[in-house]
Amino acid sequence: MKKPDCCNVDESRRSFLLRSIGGLGALSLLDLMGGRALGAGTETMNVGVLGSGPLQARAKRVICLHMLGAISHVDTFDYKPMLVKMHGQDLPESVRNTQRLSTMSGGQSAFPIVGPLRPFRQYGESGAWVSDFLPYTGAIADDLCFVKSVHTEHVNHDPASKFLHTGFQLAGRPSAGAWVSYALGADNRDLPNFIVMNSGISVGVPQDSAIWSSGFLPSHHQGVEFRAAADPVLYVNNPQGIDRPDRRAMLDTLGELALLQHEQSHDPEILSRMSQYEMAYRMQASVPEVADIRDEPESVLAMYGPDVKKPGTFARNCLIARRLAERGVKYQVLFGMGWDHHLAIKQALPVRCQEIDQPSAALVMDLKQRGLLDDTLVMFGSEFGRTPFAQGQIDNPLVGRDHHGGCFTWWFAGGGVKAGHSHGETDDFSYNVVKDGVHIHDLNATLMALLGIDHERLTYRFQGRDYRLTDVHGKVVKEIIA
Amino acid sequence: MSDFLFFLGRFHVLALHLPIGIVIVAVVLDFVARRERYRALAQASPFLWGAAAVSAVVTVALGYLHFAEGGFAGPSGNAHRLLGTITAAVILFGWWLATRPAAPWLKLVIGVLALGLVSATGHYGGNLTHGSTFMLEYAPGFLRPLLGAETKRPRPTSVAAADPYLDVVQPLLYQRCGSCHNGDKREGSFSMASYESTLAGGDTGRAIVPGDVERSELYFRITRPADDENVMPAEGKTPPTKDQIAILKWWIEKGAPHGKTIGEVGTDAAIEPLLAAQLGIGGAAAAETKPSAAVAADQELVGKLFAAGFLVRQVSQSDPRLVVRVNSPGTELDEGALAVLAAAGAQIADLNLQNAALDDDDLTALGDLAGLSELRLSRNQITDRGLATLVRLPKLASLNLYGNAGVTDAGIDALGRIAALRQVYLWQTGVTAAGVAKLRAARPDVAVQLDAAGGIAAVAAGSPAKK
Numbered sequence: 003m004k005k006p007d008c009c010n011v012d013e014s015r016r017s018f019l020l021r022s023i024g025g026l027g028a029l030s031l032l033d034l035m036g037g038r039a040l041g042a043g044t045e046t047m048n049v050g051v052l053g054s055g056p057l058q059a060r061a062k063r064v065i066c067l068h069m070l071g072a073i074s075h076v077d078t079f080d081y082k083p084m085l086v087k088m089h090g091q092d093l094p095e096s097v098r099n100t101q102r103l104s105t106m107s108g109g110q111s112a113f114p115i116v117g118p119l120r121p122f123r124q125y126g127e128s129g130a131w132v133s134d135f136l137p138y139t140g141a142i143a144d145d146l147c148f149v150k151s152v153h154t155e156h157v158n159h160d161p162a163s164k165f166l167h168t169g170f171q172l173a174g175r176p177s178a179g180a181w182v183s184y185a186l187g188a189d190n191r192d193l194p195n196f197i198v199m200n201s202g203i204s205v206g207v208p209q210d211s212a213i214w215s216s217g218f219l220p221s222h223h224q225g226v227e228f229r230a231a232a233d234p235v236l237y238v239n240n241p242q243g244i245d246r247p248d249r250r251a252m253l254d255t256l257g258e259l260a261l262l263q264h265e266q267s268h269d270p271e272i273l274s275r276m277s278q279y280e281m282a283y284r285m286q287a288s289v290p291e292v293a294d295i296r297d298e299p300e301s302v303l304a305m306y307g308p309d310v311k312k313p314g315t316f317a318r319n320c321l322i323a324r325r326l327a328e329r330g331v332k333y334q335v336l337f338g339m340g341w342d343h344h345l346a347i348k349q350a351l352p353v354r355c356q357e358i359d360q361p362s363a364a365l366v367m368d369l370k371q372r373g374l375l376d377d378t379l380v381m382f383g384s385e386f387g388r389t390p391f392a393q394g395q396i397d398n399p400l401v402g403r404d405h406h407g408g409c410f411t412w413w414f415a416g417g418g419v420k421a422g423h424s425h426g427e428t429d430d431f432s433y434n435v436v437k438d439g440v441h442i443h444d445l446n447a448t449l450m451a452l453l454g455i456d457h458e459r460l461t462y463r464f465q466g467r468d469y470r471l472t473d474v475h476g477k478v479v480k481e482i483i484a
Numbered sequence: 135m136s137d138f139l140f141f142l143g144r145f146h147v148l149a150l151h152l153p154i155g156i157v158i159v160a161v162v163l164d165f166v167a168r169r170e171r172y173r174a175l176a177q178a179s180p181f182l183w184g185a186a187a188v189s190a191v192v193t194v195a196l197g198y199l200h201f202a203e204g205g206f207a208g209p210s211g212n213a214h215r216l217l218g219t220i221t222a223a224v225i226l227f228g229w230w231l232a233t234r235p236a237a238p239w240l241k242l243v244i245g246v247l248a249l250g251l252v253s254a255t256g257h258y259g260g261n262l263t264h265g266s267t268f269m270l271e272y273a274p275g276f277l278r279p280l281l282g283a284e285t286k287r288p289r290p291t292s293v294a295a296a297d298p299y300l301d302v303v304q305p306l307l308y309q310r311c312g313s314c315h316n317g318d319k320r321e322g323s324f325s326m327a328s329y330e331s332t333l334a335g336g337d338t339g340r341a342i343v344p345g346d347v348e349r350s351e352l353y354f355r356i357t358r359p360a361d362d363e364n365v366m367p368a369e370g371k372t373p374p375t376k377d378q379i380a381i382l383k384w385w386i387e388k389g390a391p392h393g394k395t396i397g398e399v400g401t402d403a404a405i406e407p408l409l410a411a412q413l414g415i416g417g418a419a420a421a422e423t424k425p426s427a428a429v430a431a432d433q434e435l436v437g438k439l440f441a442a443g444f445l446v447r448q449v450s451q452s453d454p455r456l457v458v459r460v461n462s463p464g465t466e467l468d469e470g471a472l473a474v475l476a477a478a479g480a481q482i483a484d485l486n487l488q489n490a491a492l493d494d495d496d497l498t499a500l501g502d503l504a505g506l507s508e509l510r511l512s513r514n515q516i517t518d519r520g521l522a523t524l525v526r527l528p529k530l531a532s533l534n535l536y537g538n539a540g541v542t543d544a545g546i547d548a549l550g551r552i553a554a555l556r557q558v559y560l561w562q563t564g565v566t567a568a569g570v571a572k573l574r575a576a577r578p579d580v581a582v583q584l585d586a587a588g589g590i591a592a593v594a595a596g597s598p599a600k601k
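Here it is, written out as structure tokens:
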């Protein structure tokens with residue numbers, strides 16, 4: 003049996019003391035590197051349990067762009083001339099077979115194919131096919147790696163989103179970002195390791211903090227949610243009458259009390275709580291700095307498009323994501339909202355695509371010109387795809403597409419992934435994977451490998467068993483690694 | 135015969151210990167009771183012989199049921215059955231004698247005969263369950279010829295000199311399969327006692343088809359999932375390890391070689407360490423699945439770097455070189471911090487000093503970082519003059535100078551002299567298109583990155599980059 007890389011032990015009193023005084027100069031050497039491999043079981047603020055992964059990291063950080071609600075892969079990346087040819091005809095029974103449908107289209111008597119809503123064209127040296135919905139993404143196709151054969155078991159948003167991010171369909175498991183924070187620690191002292199940004203509020207598609215939860219890992223690894231507003235973290239400023247030295251003094255006294263409590267109960271969550279107080283104190287300075295984009299030149303803002311001037315938009319969040327990546331934040335998830343097009347896909351998809359196309363392309367290229375794309379993995383996709391057939395009547399102008407987990411597309415950029423590459427194939431109807439399927443567990447295993455982590459060995463013992471992000475599954479997709 | 139009888143039959147191996155123990159006590163008791171002082175014990179003799187006889191008869195009956203399962207029909211099995219039956223008969227006779235005033239010498243003879251038969255029966259029974267060489271395996275060298283065992287093969291000193299069958303495969307199979315498939319106990323009519331019988335297989339076909347893993351029954355059986363009814367070894371026995379299975383696969387694919395050396399057969403990088411581990415050559419480390427052993431970085435240096443305000447991690451657990459970066463944004467490095475960096479020598483592989491108000495003089499601190507392969511100096515106040523320091527870095531492959539307006543075309547020569555350079559970032563510097571062209575001409579092996587907004591600007595202007 004493989005030995006886990008780490009184990010969860012309560013931190014020593016000493017390491018907490020060292021951390022709470024904030025004086026890094028006082029840190030002992032073992033505490034500094036942390037990690038079982040280096041002889042210590044402790045975890046300090048800046049160093050994860052592994053210190054470094056067992057493998058050399060290709061990516062030092064991840065930015066995941068999640069189109070919540072499920073972007074239609076048949077209308078964007080997975081070009082199938084057959085769907086154009088057979089528009090209006092029923093999806094052959096042999097293709098659909100006995101696969102599970104959602105309850106929303108399961109009762110339909112016919113499954114008429116809806117061809118791609120816009121033409122596709124080929125881009126760049128790689129000749130990648132991209133829909134005219136996404137001309138900016140097309141323009142950077144030679145920097146992207148398309149994986150067209152991603153698949154999942156889930157047909158509903160809530161379990162599928164949790165499965166994507168935590169490797170399990172129910173709430174309670176740690177999100178990939180929490181695992182990464184737990185394993186590798188931070189590259190910045192003043193910002194959270196794991197940040198989540200929403201562009202607006204999800205309407206109709208369930209979304210909750212369990213997607214970016216730390217689960218059973220120490221809670222300071224959970225994703226910190228930035229609001230879709232000019233002031234991304236509420237109440238970050240001191241109230242009237244309290245200044246920064248007052249705040250410091252309060253935290254120091256609170257820390258002493260917490261330490262007394264910890265000596266009695268040895269509850270590691272006390273230390274987590276204190277580290278969060280300390281992080282919040284540092285964020286009082288770091289968050290306003292990162293959210294203030296006045297130092298960005300006009301030429302850079304122009305790359306992200308006009309929406310970038312509006313706080314809380316996907317474009318603004320992409321710019322903030324780049325600023326956070328520059329500052330070393332390990333893991334970010336940006337949600338794009340409004341992709342659940344059961345109804346009126348013809349009307350909604352152009353609007354949604356326009357919102358995200360230029361900013362996501364700009365994020366990749368802005369990272370590239372700064373030399374950050376080499377070690378930042380950008381990934382773009384959804385919890386599942388959408389059906390090539392109509393939900394509802396095909397002649398209804400408000401026709402839609404239902405959920406489809408059998409195959410969908412993710413693209414990756416940077417972080418040690420091949421550029422100008424396409425992996426996996428689907429059938430002529432973009433309904434089934436026919437070659438090189440990439441299950442969500444495989445996707446997460448690959449993500450971990452790019453960060454230098456062996457997904458089979460990063461485990462955490464909880465309720466009597468060892469848990470990992472990929473459960474007992476997951477194969478690293480070596481074919482997409484450069 | 136029904137499964138239930140087979141089920142009962144397996145209790146033979148449990149029951150057999152009773153008559154053995156009881157008959158030993160009975161014989162010892164008879165002997166001791168000859169003395170005046172222990173005469174009273176003689177009264178227990180009929181009872182003990184009776185208990186021995188009853189348990190012996192039960193054991194023999196169970197033994198016949200167990201034998202009926204098959205797989206015990208070798209020489210040891212037949213001898214065990216015959217001797218066991220005779221033993222039970224002799225013990226029954228002993229019981230009859232014990233109940234009447236017979237001559238003491240006759241009782242003694244029968245007692246000694248019973249003990250001898252029990253030993254002989256036990257010997258053949260042991261051969262069935264453990265194999266006939268069980269007791270010899272760890273026997274000292276001088277005893278082996280006396281006991282009729284082959285002399286131990288000397289342990290090979292290198293993988294290449296070893297015999298793939300005699301030194302690797304046979305001991306491996308003996309270890310994992312030998313307790314049931316030996317010369318005496320041929321479960322499924324399959325014995326691994328010799329090379330020939332190992333290849334021949336048993337009831338279900340040829341165990342090894344040289345060169346053809348797919349058709350080799352043995353390989354098929356050991357690679358079934360644990361819950362498969364065909365899986366071997368049978369439940370409760372330790373299966374071969376992943377590495378041992380890989381060795382068997384290699385051996386079969388190579389044509390099941392025998393009587394040659396591994397050097398003659400030929401190996402590859404994947405199998406060589408497994409063979410070495412199986413042979414016990416070069417330590418057990420090779421058998422570990424870990425890619426390579428963890429190596430810790432210089433802890434004192436790491437501590438100093440942390441204390442100076444840097445964030446530090448190792449390249450990986452097995453690579454002790456360091457990845458060092460400044461906390462961002464706005465860390466201004468003082469003399470002390472730069473001195474700590476300079477002292478790191480070749481131990482830093484990847485250094486990020488972005489946005490740290492560095493000027494050309496500060497760069498001199500980096501001149502001795504001989505191990506540096508990635509250096510990020512973006513958004514500082516570096517000029518062409520400072521680049522001279524970087525020419526001294528022998529391993530510098532990736533250099534990020536974006537945002538240093540003082541780096542101009544005049545610095546191109548210096549960049550061209552950085553021997554290991556493969557990638558340079560020059561966005562928002564003073565370098566012009568002419569300078570880039572010059573660098574590309576001098577160093578076609580260096581990728582130059584300027585701004586990357588062109589494609590996006592083209593789409594915005596309405597002319598998407600089409601093929």
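Same order as they appear, the protein sequences are chains A and B.
Okay, so the first sequence: first residue is 3 according to my numbering, each after it adds one.
Okay, so the second sequence: first residue is 135 according to my numbering, each after it adds one.
Glycine included, each C-beta is placed from N, C-alpha and C at the ideal position.
Please read these numbers as outputs of a predicted model, since none were measured by experiment.
Enumerate in chain order the residues of its own chain whose CB-to-CB distance from residue i is below 8 angstroms, with the five nearest sequence positions on each side excluded.
i: residue 291 of chain B; result: 415
i: residue 504 of chain B; result: 479, 480, 527, 528, 529
i: residue 594 of chain B; result: none
Under 8 angstroms between beta-carbons, which chain B residues line up against residue i? List them in chain order, please.
i: residue 192 of chain A; result: 461
i: residue 305 of chain A; result: 587, 590, 591
I'd like the span of the alpha helix (DSSP H) that includes residue i, first residue to last.
i: residue 659 of chain B; result: Since the first and last residues shown for chain B are 135 and 601, residue 659 of chain B lies out of range.
i: residue 323 of chain B; result: Run containing residue 323 of chain B: none; DSSP gives neither H nor E here.
Would you mind reading off the limits of the beta strand (DSSP E) that contains residue i?
i: residue 450 of chain A; result: Premise fails: residue 450 of chain A lies in the alpha helix (DSSP H), 442 to 452, not in any beta strand (DSSP E).
i: residue 150 of chain A; result: 146 to 153
i: residue 338 of chain A; result: 333 to 338
i: residue 560 of chain B; result: Run containing residue 560 of chain B: none; DSSP gives neither H nor E here.
i: residue 160 of chain B; result: It is not in any beta strand (DSSP E) - residue 160 of chain B instead sits in the alpha helix (DSSP H) that spans 151 to 166.
i: residue 299 of chain B; result: Run containing residue 299 of chain B: none; DSSP gives neither H nor E here.
Quick one: what's got a C-beta closer than 7 angstroms to residue i's C-beta in the same chain, skipping five residues either side?
i: residue 247 of chain B; result: 224
i: residue 379 of chain B; result: 356, 357
i: residue 288 of chain A; result: 192, 193
i: residue 354 of chain A; result: 340, 341
i: residue 72 of chain A; result: 341, 342, 384, 385, 386, 387, 388, 405
By DSSP, does residue i sit in helix, in strand, or in coil?
i: residue 437 of chain A; result: strand
i: residue 418 of chain B; result: Confidence at residue 418 of chain B is low in this model, with a pLDDT of 40, below 50, so the placement of that residue is unreliable and no value is reported for it.
i: residue 602 of chain B; result: In the structure as shown, chain B starts at 135 and stops at 601, and residue 602 of chain B therefore has no counterpart that could be examined.
i: residue 261 of chain B; result: helix
i: residue 300 of chain A; result: helix
i: residue 88 of chain A; result: coil
Can you pull the chain A neighbours of residue i, defined as C-beta to C-beta under 8 angstroms?
i: residue 512 of chain B; result: 372, 373
For residue i, go through chain B and note every residue whose CB falls closer than 9 angstroms to its CB, in chain order.
i: residue 329 of chain A; result: 461, 462, 463
For a contact meaning CB atoms closer than 7 angstroms, what does residue i contact in chain A?
i: residue 292 of chain B; result: Simply none; closest approach about 30 angstroms.
Ignore the nearest five residues each way along the sequence and tell me which others in residue i's own chain have a CB closer than 6 angstroms to its CB.
i: residue 444 of chain B; result: 458
Name the chain B residues that come within less than 7 angstroms of residue i, Cβ to Cβ?
i: residue 189 of chain A; result: 445, 459
Original post:
On the three-pair Cβ rule with 8 angstroms, is the segment 262 to 272 of chain A touching the segment 205 to 214 of chain A?
Top reply: Because the criterion of three Cβ pairs below 8 angstroms is not met, the segment 262 to 272 of chain A and the segment 205 to 214 of chain A do not touch.
**OP:** Decide yes or no for the touch test of the segment 135 to 145 of chain A against the segment 114 to 127 of chain A: beta carbon pairs closer than 8 angstroms, at least 3 of them.
**Re:** Yes, since at least three Cβ pairs between the segment 135 to 145 of chain A and the segment 114 to 127 of chain A fall closer than 8 angstroms, the two stretches touch.
**OP:** Count the CB pairs spanning the segment 243 to 253 of chain A and the segment 277 to 291 of chain A that are closer than 8 angstroms, and state whether there are at least three.
**Re:** Cβ pair count under 8 angstroms is three or more, so yes.
**OP:** Specify whether the segment 290 to 300 of chain A and the segment 318 to 333 of chain A touch according to this definition: at least 3 beta carbon pairs, one from each stretch, less than 8 angstroms apart.
**Re:** Result yes; three or more Cβ-Cβ pairs closer than 8 angstroms.
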